[in-house]
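Protein sequence lines correspond, in order, to chains A and B. Take any residue in the first sequence, count from 1 to its spot, add 93: that is its number in this note's numbering. Take any residue in the second sequence, count from 1 to its spot, add 346: that is its number in this note's numbering. For each residue, glycine too, the CB sits at the ideal point set by N, CA and C. Below you'll find the structure, written out as structure tokens, and then a few comments.
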Amino acid sequence: MVMLLSFLEIRNLSFSYNQKRMVLKHVDLAVERGEWIAVLGHNGSGKSTLAKTIVGLLRPAEGTITVDGITLSDETAYDVRRKVGIVFQNPDNQFVGVTVKDDIAFGMENLSVPKEEMLQKIAFYAEKVGMADYLDKEPSALSGGQKQRIAIAGILAMKTDMIIFDEATSMLDPTSRRELMDYIKTLHQEGLTILMITHDIEEALMADRLVVLKDGAVFADDTAEHLFQRPEAFREAYLELPSALRIYYELEAAGDMTPPLATTLWRFGSGK
Amino acid sequence: MAIRFRQVSYAYPGYGLGNYDAIKDITLDIAAKGEFIALVGQTGSGKSTLAQHMNALIFPTEGTVEIFGKTVGPKRDRNIKYNELRRQVGLVFQFPEYQLFEETVEKDIMFGPMNFGVPEEEARTMAWNALGLVGLGPTYLKRNPLNLSGGEKKRVSIAGILAMDPQILVLDEPTSGLDPRGKATMMDLFRSIREKTGKTIVVITHDMDLVYEYMDRVLVLDKGTLAFDGTPDELFHMPRLDRLHLDYPATIRVLSAVAKDLGIAIDVYQKDVASAVSAIQKAVRP
């Protein structure tokens, strides 16, 4: 039997830290190659646990994860990490080297890339993320946005097909955040598959599809356009609509909506 | 005034004054009672450095910081009890939840007061009161802090500082990593602490929506200098905030788009969704 698999296939995934409370409950999720998915959910909904499970940092209690045809297990975790990289929330937690150069090299060293090739790649990817002038600097002297770009360069150098961003912009100021989002957009246009975990609804709007987790289960999986037509679903998942759409629904409830108002608020709120 | 900065500059050892997170020539006053202050600015603009001067955790390279009558300059002064200043101005670090280490919430909150020499039973009473102030019930006292949610851990660590009964509370990005509901709950908590105790609260944040809705004074740092000191209304009336690497709050952005698209006059300076809705109604109803 021939099965057509998506790039990332998650089937019936459950996880628990202590056997008592399930953090992930029977999660099914498919991400196509080149797709950009945003994962939203309240604090404690299981978003970060999902990310760590996909890259094999946590072992599921039940279910399967398949990446590009490889089913994740202790034996294949190494191969899966060559296909999926992860950028964490706090850039300070992912720095190990004395210089920026060492940090970009770290992942490649683990993959035993020859030295000559590694130096070329460091220069190439530092240039790509706009950090070529900082190669000999100490990571501690960089801003949060710059640190995140170095973390991305290290992952790009490993040529993964997919990157998971686990609230990677939440510690950045608005300018660095916008720069990083623009850069992620470029990577996506070049074909990178993206799974982005975020609390920021405006950021989530840049994705092709939104997956909403609630109490460890998939509560909704749809486009923003469709989800925004169900404001009650957002409330039930303990999330908040963009301000423009909250204004939209309140005006509608009060009977004060006009077609031009609706057009502007909807366009603004859905980022279209 | 409880805290007076006079021409304060600070450079990290080995780096120059113009470098990352340095501050330059800062002069400002903070009152002991009733202020709710936002400290904003780009990453690396010196916000955390400025905050750490407020309780003499670091000393200025140049200038002086007067804290409750004690003048802190570049050199350590043997006549000043720095620990006492750090009790009077409580500083909650970013990610305080990483600093929880006792086996129960009660012990964790009691740690601070006992460290300052408060007897055990008195420290226990202080812990109980502080836990109530952050909106957690007595059932939390015997729980293991490591098994709490992110938002709960943040509250427990704030209670640990409150238990020392500081006159001023300074918090470094207390809402980062929280979902929208968690953020609102945290800000409501600060508002209620201020109302109940009259303490001045200083919050470092990147979130302009929260600044506009909750705070009554904003300090903007830009490359280590104080670029603005005034009310949120004054700040958001200024053009080109992008030059300070700041955004306008969502209400102002949405209402400006509506006014422009519909060609109508709207008072765009609304602090929350409910008042934004009223402003539109006022503009469109006959």
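Please state whether DSSP places B/V480 in a helix, a strand or coil.
-> The sequence position of residue 480 of chain B within the second sequence is 134, counting from 1. B/V480 falls in the coil class under three-state DSSP.
Exposed unless 16 or more other CB atoms sit within 10 angstroms - verdict on A/N203 = In the first sequence, counting from the first residue as 1, residue 203 of chain A sits at position 110. A/N203 comes out exposed.
Quick one: what does DSSP say A/Y110 is sitting in, helix, strand or coil?
-> As a working note, residue 110 of chain A is residue 17 in the first sequence. Reduced to three states, the DSSP call for A/Y110 is coil.
Can a CB atom of chain B be found closer than 8 angstroms to the CB of A/S107?
-> Here residue 107 of chain A refers to the residue found at position 14 of the first sequence. Closer than 8 angstroms: no.
Would you mind working out which of B/K379, B/Q388, B/F351, B/T543 sits nearest A/D266, comparing C-alpha positions?
-> The residue you call residue 266 of chain A lines up with position 173 of the first sequence. If we check each option's Cα against that of A/D266, B/Q388 comes out closest.
C-beta contact flag for A/T157 and A/L117 at 8 angstroms = Taking the first residue of the first sequence as position 1, residue 157 of chain A is located at position 64. Taking the first residue of the first sequence as position 1, residue 117 of chain A is located at position 24. No.
Any idea what DSSP makes of A/Y341, helix, strand or coil?
-> As a working mapping, residue 341 of chain A is identified with position 248 in the first sequence. A/Y341: helix per DSSP, three-state reduction.
Grouping DSSP H, G and I as helix and E and B as strand, with all else coil, what is A/A123?
-> On the first sequence, position 30 is the one that residue 123 of chain A refers to. Residue state, collapsed to three classes: strand.
Please determine if the segment 492 to 499 of chain B and the segment 521 to 534 of chain B are in contact, where contact requires at least 3 C-beta pairs separated by less than 8 angstroms.
-> yes
Buried versus exposed call for A/I130 [16 or more other C-beta atoms within 10 Å across all chains shown] | Residue mapping note: residue 130 of chain A aligns to position 37 of the first sequence, counting from 1. A/I130 should be labelled buried.
Please report the Cβ distance between A/I197 and A/Y218, rounded to the nearest whole angstrom; I am assuming they are in contact, meaning their Cβ atoms lie under 8 angstroms.
-> Numbered from its first residue, the first sequence carries residue 197 of chain A at position 104. Numbered from its first residue, the first sequence carries residue 218 of chain A at position 125. About 6 angstroms separates the two Cβ atoms, so the contact holds.
Compute the Euclidean distance between the alpha carbons of B/D575 and B/Y615, then round it to the nearest angstrom.
-> Indexing the second sequence from 1 puts residue 575 of chain B at position 229. Indexing the second sequence from 1 puts residue 615 of chain B at position 269. Straight-line Cα distance between these residues: approximately 19 angstroms.
Quick one: what does DSSP say B/M561 is sitting in, helix, strand or coil?
-> The residue labelled residue 561 of chain B in the question sits at position 215 within the second sequence. If DSSP states are grouped into helix, strand and coil, B/M561 belongs with coil.
B/L590 in three-state terms, based on DSSP | Counting from one through the second sequence, the residue named residue 590 of chain B turns up at place 244. Reduced to three states, the DSSP call for B/L590 is helix.
May I have a chain-ordered list of the alpha helix (DSSP H) segments no shorter than 4 residues that lie completely inside the segment 207 to 236 of chain A?
-> 208 to 221
Distance CB(B/Q398)-CB(B/L431) smaller than 8 angstroms = Locating residue 398 of chain B in the second sequence gives position 52, where the first residue counts as 1. Locating residue 431 of chain B in the second sequence gives position 85, where the first residue counts as 1. Cβ atoms of B/Q398 and B/L431: not closer than 8 angstroms.
A/R339 at chain B interface by Cβ criterion, 8 angstroms = Taking the first residue of the first sequence as 1, we reach residue 339 of chain A at position 246. Closer than 8 angstroms to some Cβ of chain B, the Cβ of A/R339 qualifies, so yes.
Examine chain B for any beta-carbon lying closer than 8 angstroms to the beta-carbon of A/S363, and answer yes or no.
-> What you label residue 363 of chain A is simply residue 270 of the first sequence in a count that begins at 1. Not closer than 8 angstroms to any Cβ of chain B, the Cβ of A/S363 fails to qualify, so no.
Proximal chain B residues relative to A/N136, where beta-carbon distance stays under 9 angstroms = Here residue 136 of chain A is taken as the residue at index 43 of the first sequence, counted from 1. Within 9 angstroms Cβ-Cβ: S495, G496, G497, G523, L524, D525, R527, G528.
Counting contacts by CB-CB distance shorter than 8 angstroms, is A/E329 in contact with chain B?
-> Translated into the one-based positions of the first sequence, residue 329 of chain A becomes position 236. Cβ-Cβ to chain B under 8 angstroms: no for A/E329.
Relative to the alpha-carbon of B/I504, which residue among B/R470, B/K488, B/I539, B/N490 has its alpha-carbon at the smallest distance?
-> Working through the second sequence from its first residue, we reach residue 504 of chain B at position 158. When only C-alpha atoms are compared, the closest one is B/I539.
Environment of A/Q112 [buried if 16+ CB atoms lie within 10 Å] = Translated into positions along the first sequence, residue 112 of chain A becomes position 19. Exposed, by the Cβ-count rule.
Does the beta-carbon distance from A/A246 to A/K221 come in below 8 angstroms?
-> For this step, residue 246 of chain A is matched to residue 153 along the first sequence. For this step, residue 221 of chain A is matched to residue 128 along the first sequence. Yes, they are a contact pair.
The segment 284 to 293 of chain A in contact with the segment 251 to 271 of chain A per 3-pair CB rule at 8 angstroms = yes
Between B/W474 and B/A509, what straight-line distance do the alpha-carbon atoms span, to the nearest angstrom?
-> Taking the first residue of the second sequence as 1, we reach residue 474 of chain B at position 128. Taking the first residue of the second sequence as 1, we reach residue 509 of chain B at position 163. Rounded to the nearest angstrom, the two C-alpha atoms are 8 angstroms apart.
Since A/G237 meets chain B, which of its residues come closer than 9 angstroms, beta carbon to beta carbon?
-> In the first sequence, counting from the first residue as 1, residue 237 of chain A sits at position 144. Within chain B, the residues near A/G237 are T389, G390.
With a threshold of 16 other CB atoms inside 10 Å of the CB of A/Y171, please say whether the residue is buried or exposed.
-> In the first sequence, the residue the question calls residue 171 of chain A occupies position 78. By the 10 Å Cβ count, A/Y171 comes out exposed.
A/Y171: first and last residue of the uninterrupted beta strand (DSSP E) it sits in = As a position in the first sequence, residue 171 of chain A is number 78, starting the count at 1. Element bounds for A/Y171: not the beta strand (DSSP E) but the alpha helix (DSSP H), 170 to 174.
Thinking just about the alpha-carbon of each residue, which of A/A261, A/F199, A/I340, A/F108 is nearest to the one in A/G149?
-> The sequence position of residue 149 of chain A within the first sequence is 56, counting from 1. Comparing Cα-Cα distances from A/G149 to each of A/A261, A/F199, A/I340, A/F108, the minimum goes to A/F108.
Closer than 9 angstroms, Cβ to any Cβ of chain A: which residues of the segment 574 to 607 of chain B, in chain order?
-> D588, H591, L592, D593, P595, A596, T597, R599, V600, L601, A603, V604, K606, D607
Using a beta-carbon distance below 8 angstroms, is A/Q182 in contact with chain B?
-> If you number the first sequence from 1, residue 182 of chain A lands on position 89. Yes, contact with chain B.
The segment 334 to 349 of chain A in contact with the segment 610 to 629 of chain B per 3-pair CB rule at 8 angstroms | yes
Determine the contact status of A/A250 and A/K214, defining contact as a CB-CB distance below 8 angstroms.
-> The residue you call residue 250 of chain A lines up with position 157 of the first sequence. The residue you call residue 214 of chain A lines up with position 121 of the first sequence. Yes; because the gap between Cβ atoms is below 8 angstroms, this pair is in contact.
Which of the residues in the segment 610 to 631 of chain B, read from start to end, lie with their CB under 8 angstroms from any CB of chain A?
-> V619, A620, A622, V623, I626, Q627, V630, R631
Determine the chain A residues that contact B/H552 at a beta-carbon separation under 7 angstroms, and present them in chain order.
-> Walking along the second sequence from the start, residue 552 of chain B turns up at place 206. Result: D266, P267.
For A/T316, count neighbouring C-beta atoms within 10 Å of its own C-beta (all shown protein chains included) and say buried if the count is 16 or more, exposed if not.
-> Translated into positions along the first sequence, residue 316 of chain A becomes position 223. Exposed.
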